[in-house]
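**Student:** Dropping the structure in here first, questions after.
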Amino acid sequence: MDFRKFHRIQTRRSFLDQCAGGLGTIALWHLMEGEGRTAAAGESLPDINPLKPKAGHFTPKAKNVIFLFMEGAPSQLDLFDPKPGLGKYDGQSLPSSMTKDLKLAFIKPDAKVWASPRVFTKHGQCGMEFSDYLPYTADCADDICMIRSMVTDQFNHHPGQLMMTSGTNLLGRPSLGAWVTYGLGSESKNLPGFVALTSGAGSPGAGSGNWSSGFLPSVYQGVPFRNSGDPVLHLSNLSGIDVEDQRMTLDAIRDLNQQNFVRAGDIEIASRIASYELAFRMQSAGPELLDFSKETPATLELYGINNEVTRPFATNCLLARRMIERGVRFIQIMHPTWDDHSDLNKKLKKNCDITDRPTAALLKDLKQRGLLDSTLLVWGSEFGRTPLIQTLGIAGESWGRDHHPNAFTMWMAGGGIKPGQVVGKTDDLGFNVVEDRVHVHDLHATILHCLGLEHKRLTYRHMGRDFRLTDVEGQVVSKLLA
Amino acid sequence: MTQILDLQPGTATMHIAMLVVGGRFASAEGANLAPNGSEWRQIVKKHCLSALLSVALIQSSASRLTSAQTVEGEKLPPTAKLQVEFRRDIEPLLKEKCQSCHGAEQQLSGFRLDSRSAVLSGGNSGVVVKPGNSQGSRLIHLVAGLNKELRMPMTGDPLTAEQVGLLRAWIDQGVLWQDESSKPPSPMLSSKSKHWAFAPPQRPKQPKVKNTTWVRNPIDSFVLARLEKEGITPSAEADRETLIRRLSLDLTGLPPSPDQVAEFLADKRPDAYERLVDQSLSSPHYGEKWARPWLDLARYADSDGYEEDRIRPHAWRWRHWVIEALNRNMPFDQFTTEQLAGDLLPNATLEQRVATGFHRNTLTNREGGVNREEFRTEQVIDRTATTGSVWLGLTLGCARCHDHKYDPVSQKEFYQMAAFFNTAREIDLEAPLPAERGPFLQRQPEYEKKRATLLEEFKVAELQVDWEKKLRAAAAHPGVDLGSDYQLNLVQVKTDTGEEILMLPPEKRTAKQKKILTDQFIRTGGFKELNTRLNALAEEYPALTEAPAIAENPRPPKTHILIRGNFLTPGIEVEPDTPAVLPRLRSDSPPSRLTLARWLVSRDNPLTARVTMNRAWQEFFGRGFVDTPQDFGLRSSPPTHPELLDWLAVEFMSSGWNVKAMHKRIVESATYRQASNTRKDLESKDPDNKLLARQTRLRLPAELVRDVALATSGLLNPVIGGKSIRPPQPAGVVGKWKESEGAERYRRGLYILFQRRYPYPELVTFDAPDSLNSCPRRDRSTTPLQALTLLNDPVFFEASQALAVRLLQEKAGGEEERIEHAYRLCLGRAPRPEEKERMVQYLRQRKELLARKPESVEKVFPAKALDGVDPAEAALWIGVSRVLLNLEEFITRG
């Protein structure tokens, strides 16, 4: 994206020209000349939607993204990456030759090894292995591309999450979703282009940093949909003010703004008028989005909406599908926390019980509606967990695992991704990647590629230089591509 | 071989090239077939008899030999067995392979290979060549490819074994250089630049203009001269209602009251406007308005950032200082030295030390398990980059990992600048406001006694002895007791000085130090109940205000270049210094933060005054002369009015860095006073209003959007300075949010507690910066979320309710009179006939609606004890108030 061109788009005046193909401006000048009528119900308003769809760098495979971010680092060794080799050392320290370069957050390299107590079985035509904690996801094996060779630079949650969502450990950079909406805009006219949905216990480590627009204009920021109250802040009318009242007030606001526009001629006023009309449309689109009453019982059952345990996460998954149908570009579902330093067996199972079924339902539902081809699903976290035991030094607590950035598992499915394959390999103990290393930057480059964006060309000038999501790194991982 | 034997003078290069293309010298191992370096030279010498030709040969071979002949594996190629001649054997090689990156043009990694002294002094990562020891010389390791991830040269073919052997011989024989004395290396690139911003501003002559009557002060001459050149006439002066609202919003951030407007309209004295300017400049709200852009630059917030994002309960104390300093019109040079180095001033006062809180606004990561040193390094780097951006308008931060790509700032110079800040440490000062200490001292003994009793009840002292013992053991022998290792890490990351205190014998700890460590013990030692009770106890007693500040570290760490900006890979040590492209630091003062601060505001610094005036202009006109306020470097946008910028900069310095005097000059100019209406004739000539043939309408910043709503409705609490407030916000945005009570919640937007992870939604929605990095200019977006906020945020609805009541109480007359009053309150002007007509129509519609839906009256105006206010009337006028508070003009400076 050419920075200068973009900057002009951001300059409101030309912004209207760009977005409305000049038409809006003509209509508005018409008004100013005093030759036109007082515009009725916004018919002469320009389309100011700043997220108007834009073409990428080349023909995309996927149009939209759903990123299921399992914050806190689910243990890949107990879900995706079976390591029978650990059995040999179970309960013992590893030889120091094997651990000399290991850097961990809380435990020392001489901690004891813990072979996963999970049972792994092969699934689908492709024979992809999953542990018994993920029966529903396992059922989708033939649609999934599993990456066992993920690597990151960060081993603490906050920096690690920022790394996964924005390509750096520092706050203040745009997140993946912001870059994508900056590059492509959004098909949705009445909903934000980039939405963050949260569930689970606690809040995501990096908070709003995970859906920040950083130095990009704030229109590209993820809009967090809330779990209680209005999904978007202040979306509902105030108590005592119904739609009729709101519309009547909006009409007065619009007409008075328009009178002022005729006088002052500032195109900003036209933008403001249009933003109010968009707000009003959002007010009706929001409740419509949240209204599941037209979903079939079978669909609700598929997601597990009616189940106490799965409901919150299932709601977000179903919302994600409905948003995809309504053209939202990027949906980030956050589910904290999988940070199982202790009690891993119990806590991991709990999170799997909450998320497994809705996750698989989302994949299947998208597929049966023909939406999977154009939607990229990404499942993963900021890093993985160690093959070593962590006890936090608290007697009586059961075992957990520490943070591990050198090898972890993620999976992708849908638009542009080659399904039914496992990419990458870790060593016998799951410490390091030995085949097809995929760094976070590479993952980002690949995601952008699926969307028709070339990661080296998606840049934004800030503080004197062109920034990009992948900084100076990143390579598209062709093995992942269909 | 035959081809070599066929060599004829003058054709050698060509033949060798052919030979190489033919692939005969395929590998170094094929030494029996191909001659090695020295044999080769002997062959050439024997047949060509010309030193010149041999140079050509070696040059050619260096560039053409295929990589198949390069060194593989861990072993270094053998040293060439010959007496090296620099001119013949080495110089061509250096020129060909090294000097494009490490020569006169650029010195990547701070290293150059074009003089002996430069070679021997090494680069950013230290010594590269050890004379007499090629095996231990990093240069050889790099060109031989010992380090697989970094091999030199980075581009082009690697060196051949022979070439490496030659370099080895050269080093082993003492790094001989031809004519070392006669050819001093050319100066480093960074010291020369013809870029306009690096030359000190000179006071330009006022240009001659035709329309001299338009000119009110020198600013106008510069603007008008340019307009006349383009054949554009300036706009007429804005009407008085617009002028007073513009001036009031620009200087105080608050709208004028209807009385103030009436007074100004009635003031027929010729200097009525100038009087108004003086009045606004002396308003105590001036400091509030102008503090905000400064807080943006300082990335001010009330919390740590990162995962824990702990609240900083005393961050506001520095903000308080800023507001007071601006209101007192502290000269900008003093404003600078006190904030960067107030602690180092002779006999520094408490307020001067409080001023150093500027650089305490960096983020702190307190996530368990992080490395404190990593994030301390980040803070130092942030302080360096922010100082560069705020005062110098330079993107110094770009030189963190490598030399600046565009500006003459090397990576080494970045760390030389960082060295000024690396020796500073964070401290918290007791900084009570007037009248705070008395009540504190009076009640303190009682508090201490109760606290002691509580600690005793839970046997804290005894348990803490054991805890400390374990932690000290863990510090000495990590890895033995994992629980204590973890606890020690928590002491490191959750407190700033805890580990230091832990290592002190208890009898040497101050009372404050003891409290810090005990509190940490209580927080992590499983004293849930005690913790709650202690917090409750502390709430009951007054506490002394503290101030986050910086001071010199008594044990200052050394500063190293960080290779690729990574704290784990330090390079050579550097001393504090300023970039060579700028004037030198005073040599008669120690290279301290204070000297740096004084250097920033010295007369011959070409940047500070320009950068500061550019930002001031940006506040008054929406954009500066330089459209990249944080970047005046080579990639900055060229100034629209370079002479005016220089005039302002020189004037600013000559005035004794008098900020208010400069603001006065700007707002008194005819340029500033122009109408902001767009003009059709400018549409194509100057669509972005760069030439200033009119004013620009500007949407108010987030805080002011709130302020005008509160001021108009009469809710505003105008108290200046002090603690941060927590106005109501929707549930679920942030975990804990204890709403401010009473009048506190109606204070201005700049006092809203800014929690980095969960910033106050209204601020975010209207483009307040995230406070993670220095922000030199805010966005001015227009989004539907803003509409939803103004329509439906209870804070703004409350303002509508209050405004309705105000209208009913202040104007008992008819509808039209009341509408007029509402317009004067909200927009500082009377409604135009068509506006009044539309508003009357709305009132009629609304009355009809409320008659149909009487139940909504109580909802929009819950019965409150309000004298003489009829709820139905209130509900009606709440509608009018909402319309006005949502008008584009309401949140815009005209």
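Heads up: the sequence lines are chains A and B, in that order. Per our numbering, the very first residue in the first sequence carries number 100; after that it's consecutive. Per our numbering, the very first residue in the second sequence carries number 847; after that it's consecutive. Note that beta-carbon positions come from the ideal geometry of N, C-alpha and C, so glycine has one too.
Hey, does E1549 (chain B) have any beta-carbon neighbour from chain A nearer than 8 Å?
**Tutor:** no
**Student:** How would you list, in chain order, the residues of chain B whose beta-carbon sits under 9 Å from the beta-carbon of S311 (chain A)?
**Tutor:** D1616, L1618, listed in chain order.
**Student:** Under 8 Å, do T1628 (chain B) and S374 (chain A) count as touching if we go by C-beta distance?
**Tutor:** Result yes, Cβ atoms of T1628 (chain B) and S374 (chain A) sit closer than 8 Å.
**Student:** Alpha carbon to alpha carbon, how far is G184 (chain A) from L584 (chain A)? Give it in angstroms, no decimals.
**Tutor:** With chain A represented from 100 up to 581, any question about residue 584 (chain A) goes unanswered, as that position is not in the structure.
**Student:** With 8 Å as the threshold, decide whether the Cβ of W498 (chain A) is near any Cβ in chain B.
**Tutor:** no
**Student:** Give the single residue among B:L966, B:C944, B:G1020 whose Cα lies nearest to the Cα of V989 (chain B).
**Tutor:** B:C944
**Student:** Starting from the Cα of L377 (chain A), find the closest Cα among B:G1674, B:P1630, B:F1600 and give me that residue.
**Tutor:** Measuring from the Cα of L377 (chain A), the nearest candidate turns out to be B:P1630.
**Student:** May I ask you to verify whether the region 405-417 of chain A touches the region 449-465 of chain A, counting CB pairs closer than 8 Å and requiring at least 3?
**Tutor:** yes
**Student:** Using the DSSP secondary-structure output, state which residues sit across from I1273 (chain B) in a beta bridge.
**Tutor:** According to DSSP, which records beta bridges pairwise, I1273 (chain B) is partnered with B:A1395.
**Student:** So if I threshold CB-CB distances at 9 Å, which residues from the region 540-556 of chain A count as touching chain B?
**Tutor:** none
**Student:** So which residues of chain B does M422 (chain A) contact, with C-beta pairs closer than 9 Å?
**Tutor:** Chain B residues near M422 (chain A): none, gap ~16 Å exceeds 9 Å.
**Student:** Take every Cβ of the region 149-157 of chain A, pair it with every Cβ of the region 551-563 of chain A, and state whether three or more of those distances are shorter than 8 Å.
**Tutor:** yes
**Student:** Give me the chain B residues within the contact set of V318 (chain A), using Cβ-Cβ distance strictly less than 7 Å, ordered along the chain.
**Tutor:** S1627, T1629
**Student:** From the DSSP output, in three-state form, read off E481 (chain A) for me.
**Tutor:** DSSP places E481 (chain A) outside both helix and strand once states are collapsed to three, so it counts as coil.
**Student:** Are the C-beta of F871 (chain B) and some C-beta of chain A separated by less than 8 Å?
**Tutor:** In this prediction, F871 (chain B) scores a pLDDT of 31, lower than 50, which makes its location untrustworthy; the coordinate-derived value is nonetheless stated afterwards. Not one chain A Cβ lies under 8 Å of F871 (chain B).
**Student:** Let me make sure I understand the geometry here. Which of B:N1399, B:D1142, B:L1596, B:F1707 has the alpha-carbon closest to that of G1752 (chain B)?
**Tutor:** Summary: the structure shown does not reach residue 1752 (chain B), with chain B confined to residues 847 through 1740, and so no result is reported for it.
**Student:** How is the alpha helix (DSSP H) around T1454 (chain B) delimited, first residue to last?
**Tutor:** 1454-1467
**Student:** Kindly indicate if chain B contains any beta-carbon less than 8 Å away from that of R325 (chain A).
**Tutor:** yes
**Student:** Taking just the CA atoms, how far does P152 (chain A) sit from S287 (chain A)?
**Tutor:** 9 Å
**Student:** With burial defined as no fewer than 16 other Cβ atoms inside 10 Å of the residue's Cβ, what is the status of K517 (chain A): buried or exposed?
**Tutor:** exposed
**Student:** Secondary structure at K221 (chain A), three-state DSSP: helix, strand or coil?
**Tutor:** strand
**Student:** For H503 (chain A), go through chain B and note every residue whose CB falls closer than 8 Å to its CB, in chain order.
**Tutor:** Here the premise fails: no neighbours, minimum Cβ distance about 13 Å.
**Student:** Looking at chain A, is there any beta carbon in it that lies within less than 8 Å of the beta carbon of F1643 (chain B)?
**Tutor:** yes
**Student:** Tell me which residues share the same chain as N1207 (chain B) and place their Cβ nearer than 6 Å to its Cβ, disregarding the 5 neighbours each side in the sequence.
**Tutor:** A1144, R1145, Y1146
**Student:** For V975 (chain B), list the residues DSSP reports as bridge partners.
**Tutor:** BP columns for V975 (chain B) are empty, so no partner.
**Student:** Identify the continuous beta strand (DSSP E) that holds D565 (chain A) and give its terminal residues.
**Tutor:** 564-567
**Student:** Let's test the definition: count the other Cβ atoms within 10 Å of the Cβ of T1378 (chain B) and tell me whether it reaches 16, buried, or not, exposed.
**Tutor:** Classification of T1378 (chain B): exposed, given that the 10 Å Cβ count is below 16.
**Student:** Buried or exposed, going by whether 16 or more other CB atoms sit within 10 Å of the CB of M511 (chain A)?
**Tutor:** buried
**Student:** List the endpoints of the continuous alpha helix (DSSP H) containing A1201 (chain B).
**Tutor:** 1196-1201
**Student:** Going by the CB atoms, is the gap between R1519 (chain B) and V1107 (chain B) shorter than 8 Å?
**Tutor:** R1519 (chain B) is positioned such that its CB atom lies no closer than 8 Å to that of V1107 (chain B).
**Student:** Using a beta-carbon distance below 8 Å, is F292 (chain A) in contact with chain B?
**Tutor:** Residue 292 (chain A) is actually Gly in this sequence, not Phe. Not an interface residue.
**Student:** Give me the residue from B:D1150, B:P1139, B:E1134, B:S1094 with the minimum Cα distance to D1124 (chain B).
**Tutor:** B:S1094
**Student:** Would you verify that the beta carbon of T1524 (chain B) is, or is not, closer than 8 Å to some beta carbon of chain A?
**Tutor:** Closer than 8 Å: yes.
**Student:** Ignoring anything shorter than 4 residues or poking outside the region 1626-1664 of chain B, list the alpha helix (DSSP H) runs there in chain order.
**Tutor:** 1630-1638, 1640-1656
**Student:** Alpha carbon to alpha carbon, how far is T1088 (chain B) from L1731 (chain B)? Give it in angstroms, no decimals.
**Tutor:** When the Cα atoms are used, L1731 (chain B) and T1088 (chain B) turn out to be separated by approximately 18 Å.
**Student:** Which residue spans inside the region 1317-1380 of chain B form an unbroken alpha helix (DSSP H) run of at least 4?
**Tutor:** List check, alpha helix (DSSP H) in window: 1328-1340, 1344-1349, 1357-1370.
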